[in-house]
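Residue 1 is where the sequence shown starts when you use full-length UniProt numbering, and the numbers rise one by one after that. Every residue gets a Cβ at the ideal spot worked out from N, C-alpha and C, and that includes glycine. Data first, discussion second: the structure below is written as structure tokens.
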Amino acid sequence: SDDMKAMKLLHKTIKKVGEDIEAFKFNTAISALMILLNEGIPKDTENALEWKENFAIILHPFAPHLSEELWSMLGKTTSVFEAAWPEYQEFMLVDDEVTIAIQVNGKLRGTHVFLNGVSQEEVAARVMEDREIAKWVEGLTVIREIFVPNKLYGIVAK
1 SDDMKAMKLL HKTIKKVGED IEAFKFNTAI SALMILLNEG IPKDTENALE
51 WKENFAIILH PFAPHLSEEL WSMLGKTTSV FEAAWPEYQE FMLVDDEVTI
101 AIQVNGKLRG THVFLNGVSQ EEVAARVMED REIAKWVEGL TVIREIFVPN
151 KLYGIVAK
């Protein structure tokens, strides 16, 4: 669901911003915050409140005045400065779906979305059903298949 995607992105952003601040990579931390904001706020009220609170906290090092204003709009009477840095949940960092690049003879011929942990056999079956990719292998003999789990499926054919 969209709410789950928004919450997963929030947890990934909490992790990224925390690590980037420690590594003095402020530009990439700000970029992650912009991506999070552009993806949208969950519609579910409970998740939306948690999302907004955490966003205000992780925004604070970069835009303290704005984050204090957001914090008070959320009904908080203390300063956002006093709030603890949010903890990310490891299980929220794992994607349910992965995009696998499909190559034929070293050239990218397409991408497909699969469930995380998909097997080589499932990828191969779906790739051969795709007419756009199958046309590049038509009439050729498959010499080798290359599979990098959750990343790449390659076909070498002559």
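In this structure, DSSP gives V94 a state outside helix and strand, which the three-state scheme calls coil. The DSSP-derived three-state label of K12 is helix. Our two residues, P86 and S79, have alpha carbons roughly 15 Å apart in a direct line.
In this model, Q120 and E19 are separated by some 34 Å (Cα to Cα). Comparing alpha carbon positions, the residue from H65, K5, A84, H112 closest to E129 is H112. Following the DSSP letters along the chain, one finds I58 inside the alpha helix (DSSP H) bounded by residues 45-59. Between the alpha carbons of A157 and R131 lies a distance of about 16 Å. For a cut-off of 8 Å, the C-beta gap from L152 to I146 is around 7 Å, short enough to register as a contact. Counting every other CB atom within 10 Å of its CB across the protein chains shown gives P64 a total below 16, marking it as exposed. Per the C-alpha coordinates, the member of K107, D44, I30 positioned closest to H60 is I30.
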